[in-house]
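Chains as they are written, first to last, in this note's numbering: chain D, 1 to 309; chain V, 310 to 618; chain Y, 619 to 901; chain P, 902 to 1184.
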Ligand SMILES: Cc1cc2nc3c(=O)[nH]c(=O)nc-3n(C[C@H](O)[C@H](O)[C@H](O)COP(=O)(O)OP(=O)(O)OC[C@H]3O[C@@H](n4cnc5c(N)ncnc54)[C@H](O)[C@@H]3O)c2cc1C
Ligand SMILES: Cc1cc2nc3c(=O)[nH]c(=O)nc-3n(C[C@H](O)[C@H](O)[C@H](O)COP(=O)(O)OP(=O)(O)OC[C@H]3O[C@@H](n4cnc5c(N)ncnc54)[C@H](O)[C@@H]3O)c2cc1C
Ligand SMILES: Cc1cc2nc3c(=O)[nH]c(=O)nc-3n(C[C@H](O)[C@H](O)[C@H](O)COP(=O)(O)O)c2cc1C
Ligand SMILES: Cc1cc2nc3c(=O)[nH]c(=O)nc-3n(C[C@H](O)[C@H](O)[C@H](O)COP(=O)(O)O)c2cc1C
Ligand code: FES
Ligand code: FES
């Protein structure tokens, strides 16, 4: 379909291209069907699920900031059982790589979900969200302490035969240390980054805009932080990285690849332009052509090579 | 001059209003004279100085990002001696509160500078930058480890009679822990926040835009993170906070005050609108009037009170 | 559906101090559109992307002429996004998602009562038109701040429909002085006596569709439930994706079993059965 | 000085594919302006603030008519900021900082040689005008990509000045084929023989002012130093504050003592003595 070879290998998955969509921004894969056929995507990541169903946080759950979006959805999801019963049968049939995203509030939570999701589920991989900043003591604890991060990844790894993608929180002093920890835990790949913890205050009501006070900051505003973390981590660990954080245009996506990401994922960008993933795939292809590259894989970390040459 | 009492007390200083300008964005107080008379400001914070003169990083030092700015100036400054000789005599005469900003690469650096800067220098306070993310192992180490942060503040405190303002880095897992550490060290006030570490890559040159690869992210993009940190810290420690990070309009400034800041500081916002500080002072005044407040001090942390009432 | 809507009309609507605008867009989105649905517009010059403001803005369909491939949007300049939208020139093309969501349902027969508060009137006009063409008896209860607002917000158009209008204003400068709900209550009581159900056998089958401030829709729903009149409400919530993918815009309903559930205003709504909506929630 | 410049002319300059624009602003900034200085323009609709893009854009003064309170800016649409600027309508008011920086110095007498590369020609026009009015002999050496570029970038205006023009293009489609420096070197050698200094006693005192790509200005400076001809260069660097407060825009000079020092392009420049500039630095 494309003159340039866009095939991407990550955590044992072979993706038709390096463009995924991000957990929590793409529902369960069907919502955007009218705008962007999933078969065109490298893959999709499902909304985060937890062992039990959650109603999440009260509204308002969204607040706009300069070039950014704060969200405090609070992991609303149908729960593991309902997911297996009503969602999995549909999503496993989707003609693209489908990655489930799991969150928990204890080691047991993660283990319970991982055990229930194996290769035969038809899923391509398991993204372990140890970084959701919205829920009080939610993933946060796991996501900011290297030891617990290593433990949860190791525990999950032990009970499922699916590839494990560790999704890291940017709200840490030492992102490289966190990446090394989950590598020790046996992660097959990394997702960088989740949202930055932020808040906004309503001047009229003189209270936080979000009912939950705090929310996760996403969108173009955080891209420089995300690119920096991908750059640092890709130099320190030898796991493939799914780069995300503010990607809205193909230029943004190429920036992440040049920084060292093996694939990219689009989140908030879908809200701005529901066809962003398609335009980004095309744009990456054209950028490779323009630069005489026959495979998108040649872009991975290219800026580091150029700098060190 | 203003119907509302804008007088602000912080770290023993009495400011005519709560609006300061931020270190590194306002030179040595004279550059913006044609746009904003310093006597209108609550105070100004000078460019960070180090014991020895520094040429800083190569250019390009600046890169624009969505609603943000990356800088890698690298603490270019004339050095302590030259500062005392050629700058201090001028700045001490400025008709506003003048705060010096010191950075160092060892405990001794900080102590050396603090010893040289006392009440009789005519300075109003000393802002200790333990957070400049631009210089390799620069302030970074002090700014991310609570113990060393406490040590450096204590050491500085011991050798100068000037009020000490600890300027914290946002690039940490636990900003509250850092604030508590510098409070133990004896800080009289806090400046929140310095820049977030970020980077950008040039798609044409396939290398980082900044010659230094990494830079500090400032501007409206980081405001939600800064407001969140001010909110969290003001609840945990009882030190006055100078809130900064993306303030460009009076609404932004009021947001910080409502979140718990005692004063605000304008950095990158000056680049967009060199009269921003004046408009912000007026805007804060008008907001107080509109809300029937006779003193700006009633705004401090108001959103927390409203939320908890 | 993501399309480019070409601006064919963009004008002030009523008094300038009401800050209302009328925007007519030409494009395929009109074909399948239904009253109560909305579009999500990118409020930026589509030729040069700026990410501040970032999100699209949801605006309801105020008129639908599928034959001319045109939709009419009526909106108030609220903040920065709508301010930027207001600068769109004729001929310009705006990036439009939609029609989105689930609109109002049209009864087979009987009376359709429209109850509007403030600019909640806008989406009801499209509904009135289709109901009217379908030969239903349409009745409007509309409450606004004052005469100037009602006139600015399209009163003349409504009068042109030749339907019964029950107007009220807070200051009494036009119609009854007071809240729109009082008018509705009065009329219902008149028909069937105070808080007695409209008998199934009654020759008039009444249905209510309401849009306006939450508090007002809540009151209308309560009233309708007392009189056992079916009611539909059009909810509003901050939106991210506008297609049901982000869970940013949920509202709370009570299902048959009495359990609280979340629905997506963008996908399952914005129109819901008033009986089901749980108005005062913090979950 | 921060002022609002009113757009009185804003038009395409030359072939559209050169993406050049001519912008004339009316405002007090013209009064004190000097050739070589620049302004920093807020490239956003000033009525509605957007922070993307965030920074002002520096543009040199191409013409100054203090009597009419007008400045002319010539710019190329490079990226998003200038693209947004290009949409400014006549009558609109733009937020302008300036005039900023230190401009070119005008010799008392003798010949002023202007050496331009590409759009580096723009700031030199204002200089040529004031030099011309002051009765100096002005000579232009201008190199561009091709005929179409030179014509688009204002060749006619220059010809109208009635000064000596030494044109060259990379493809030879107009003037000499090759680099502008070759023309300068040839002329200098002609005057005084290869790489010998212009004798102090020489009746012609030559001064050079150059603007263009760094590499080209570096070559011109080298040449001038060989021939002991004073040269001024106009540097370019990314800017933050544009007033000397942020140290974002530094360039490296060698001071009398031979030490490397930093100067601010925005405040101490953009014009510097070519002899002092250190071109290849990484500090
Ligand atoms: C389904 C739906 C249909 C709507 N139809 C119309 C319509 O036909 N005409 C009309 O004038 N308005 C309509 N609105 C409201 C309209 O979307 C908001 O007024 C608009 O988004 C404000 O954006 P802004 O940037 O101008 O204001 P902002 O500066 O973003 O905010 C100004 C105020 O508008 C409110 N607001 C902002 N975003 C939203 C949002 N996404 N949803 C609800 N409120 C918001 C906030 O409370 C805020 O205080 C509708 C909203 C929804 C959800
Ligand atoms: C003192 C000075 C005077 C100038 N005078 C003129 C002039 O008279 N006419 C003219 O066409 N241009 C002039 N420039 C260059 C002009 O400022 C840039 O082309 C413009 O800022 C690009 O902004 P953009 O958003 O369109 O492009 P961006 O998308 O920001 O960048 C596009 C390219 O422009 C370059 N650029 C961006 N910002 C700057 C900057 N602040 N300084 C230098 N290069 C930059 C970058 O290398 C980038 O690759 C001048 C620059 C300086 C520093
Ligand atoms: C509304 C919303 C909901 C999200 N929910 C989840 C989630 O359930 N699990 C998760 O790991 N990340 C979640 N995220 C984070 C995104 O997957 C992504 O990491 C982050 O938004 C940064 O990418 P972006 O800037 O492209 O959106 C969510 C983000 C948004 C905006
Ligand atoms: C160009 C530039 C230089 C800076 N230099 C310093 C410095 O020397 N010392 C310091 O403590 N902070 C420095 N900062 C950080 C600012 O003081 C401020 O904390 C930060 O920019 C966030 O505020 P803002 O978003 O309003 O700019 C610098 C920021 C910028 C943009
Ligand atoms: S706005 Fe995303 S689910 Fe409704
Ligand atoms: S741009 Fe700030 S010092 Fe020159």
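From the three backbone atoms N, C-alpha and C, an ideal C-beta is built for every residue, glycine too.
Using a Cβ-Cβ cut-off of 7 Å (strictly less than) and excluding sequence neighbours within five positions of residue 293(D), which residues of its own chain qualify?
So the list reads 4, 299, once near-sequence residues are dropped.
Along the chain, where does the beta strand (DSSP E) containing residue 1133(P) start, and where does it finish?
From DSSP, the beta strand (DSSP E) with residue 1133(P) extends over 1132-1135.
With a threshold of 8 Å between beta carbons, is residue 863(Y) in contact with chain D?
Closer than 8 Å: yes.
Measuring only from the beta carbon, is residue 1140(P) closer than 7 Å to any heavy atom that is part of ligand 5?
Checking the Cβ of residue 1140(P) against ligand 5 gives no.
Is any non-hydrogen atom of ligand 2 found closer than 7 Å to the C-beta of residue 983(P), if you look at the structure I gave you?
Yes - ligand 2 has a heavy atom lying nearer than 7 Å to the Cβ of residue 983(P).
Out of 851(Y), 620(Y), 632(Y), 626(Y), point me to the one whose CA is closest to residue 765(Y)'s CA.
For the residues 851(Y), 620(Y), 632(Y), 626(Y), the minimum Cα distance to residue 765(Y) belongs to 632(Y).
In the DSSP assignment, the alpha helix (DSSP H) including residue 834(Y) goes from what residue to what residue?
Here the alpha helix (DSSP H) through residue 834(Y) covers 832-844.
Starting from the Cα of residue 892(Y), find the closest Cα among 789(Y), 869(Y), 801(Y) and give me that residue.
If we check each option's Cα against that of residue 892(Y), 869(Y) comes out closest.
Note down, in chain order, each residue of its chain lying with its Cβ closer than 7 Å to the Cβ of residue 119(D), except the 5 sequence neighbours on either side.
Once the five neighbours on either side are set aside, the close Cβ partners of residue 119(D) are 161, 162.
Could you name the residues of the segment 953-967 of chain P whose beta carbon sits closer than 8 Å to any beta carbon of chain D, in the order they occur along the chain?
Hits within the stretch, in order: 953.
Can a CB atom of chain D be found closer than 8 Å to the CB of residue 368(V)?
No, no contact with chain D.
Strictly under 8 Å for the Cβ-Cβ distance: is residue 859(Y) near chain D by that measure?
By this cut-off, residue 859(Y) is an interface position.
Less than 7 Å between C-beta atoms, sequence neighbours within five positions excluded: which residues of the same chain meet that for residue 109(D)?
Within the same chain, residue 109(D) has close Cβ partners 50, 51.
Once DSSP output is grouped into helix, strand and coil, what is the label at residue 614(V)?
Helix at residue 614(V).
For the 8 Å Cβ check, are there 3 or more pairs between the segment 1063-1082 of chain P and the segment 947-967 of chain P?
Contact fails: fewer than three Cβ-Cβ distances are below 8 Å.
Does residue 620(Y) get closer than 8 Å to chain D when you measure Cβ to Cβ?
So, interface residue.
Nearest-angstrom Cα distance between residue 435(V) and residue 65(D)?
Taking the straight line from one Cα to the other gives about 32 Å.
Relative to the C-alpha of residue 871(Y), which candidate in 887(Y), 863(Y), 857(Y) has its C-alpha closest?
Taking only the C-alpha atoms, the option nearest residue 871(Y) is 887(Y).
With a threshold of 7 Å on Cβ separation, who are the neighbours of residue 146(D) within its own chain once the five nearest residues in sequence on each side are excluded?
So the list reads 177, 178, 181, once near-sequence residues are dropped.
Return yes when the C-beta of residue 919(P) is under 7 Å from any heavy atom of ligand 8, and no when it is not.
Ligand 8 is not part of this structure, which contains only ligand 1, ligand 2, ligand 3, ligand 4, ligand 5 and ligand 6.
Pull up the DSSP beta-bridge partners for residue 612(Y), would you.
Shown here, chain Y extends from 619 to 901; a query on residue 612(Y) therefore has no answer.
How would you list, in chain order, the residues of chain P whose beta-carbon sits under 7 Å from the beta-carbon of residue 453(V)?
Result: empty, since nearest Cβ-Cβ is about 25 Å, beyond 7 Å.
For residue 636(Y), which residues of its own chain have a beta-carbon under 8 Å away from its beta-carbon, when the five flanking residues on both sides are left out?
Cβ neighbours of residue 636(Y) beyond the five flanking positions: 694, 766, 767, 770, 771.
Beta carbon of residue 337(V): closer than 7 Å to some heavy atom of ligand 1?
Result no, Cβ not under 7 Å from ligand 1.
Starting from residue 63(D), find everything on chain P with Cβ-Cβ shorter than 7 Å and list it in chain order.
Residues of chain P passing the Cβ test: none, with the nearest at roughly 16 Å.
List the residues that DSSP assigns as beta-bridge partners of residue 438(V).
Beta-bridge pairing links residue 438(V) to 476(V).
Near residue 377(V), what residues of its chain come up, given a Cβ to Cβ distance below 6 Å and the 5 sequence neighbours on each side ignored?
Closer than 6 Å at Cβ, skipping near neighbours: 526, 528, 530.
Does the beta-carbon of residue 1164(P), which I'm using as the reference point, lie nearer than 7 Å to any heavy atom of ligand 6?
No, the Cβ of residue 1164(P) stays beyond 7 Å of every heavy atom of ligand 6.
Whose CA, out of 1146(P), 966(P), 1143(P), lies closest to the CA of residue 1034(P)?
Per the Cα distances, 966(P).
Does residue 709(Y) come out as helix, strand or coil in the three-state DSSP assignment?
Three-state result, residue 709(Y): coil.
Taking residue 369(V) as the reference, which of 349(V), 524(V), 503(V) has the closest Cα?
Minimum Cα distance to residue 369(V) is reached at 524(V).
Mind pulling the chain V residues with CB within less than 7 Å of residue 173(D)?
What residue 173(D) touches in chain V: 453, 480, 481, 482.
Can you tell me which residues form a DSSP beta bridge with residue 998(P)?
Answer is 903(P), 941(P).
Between 353(V), 421(V), 348(V), which lies nearest to residue 404(V) when the distance is taken from Cα to Cα?
It is 348(V).
How far does the beta strand (DSSP E) with residue 786(Y) in it extend, from its first residue to its last?
Residue 786(Y) -> beta strand (DSSP E) spans 782-787.
Taking only the alpha-carbon atoms, compute the straight-line gap between residue 973(P) and residue 1166(P) and give it to the nearest angstrom.
Approximately 21 Å between the Cα atoms of the pair.
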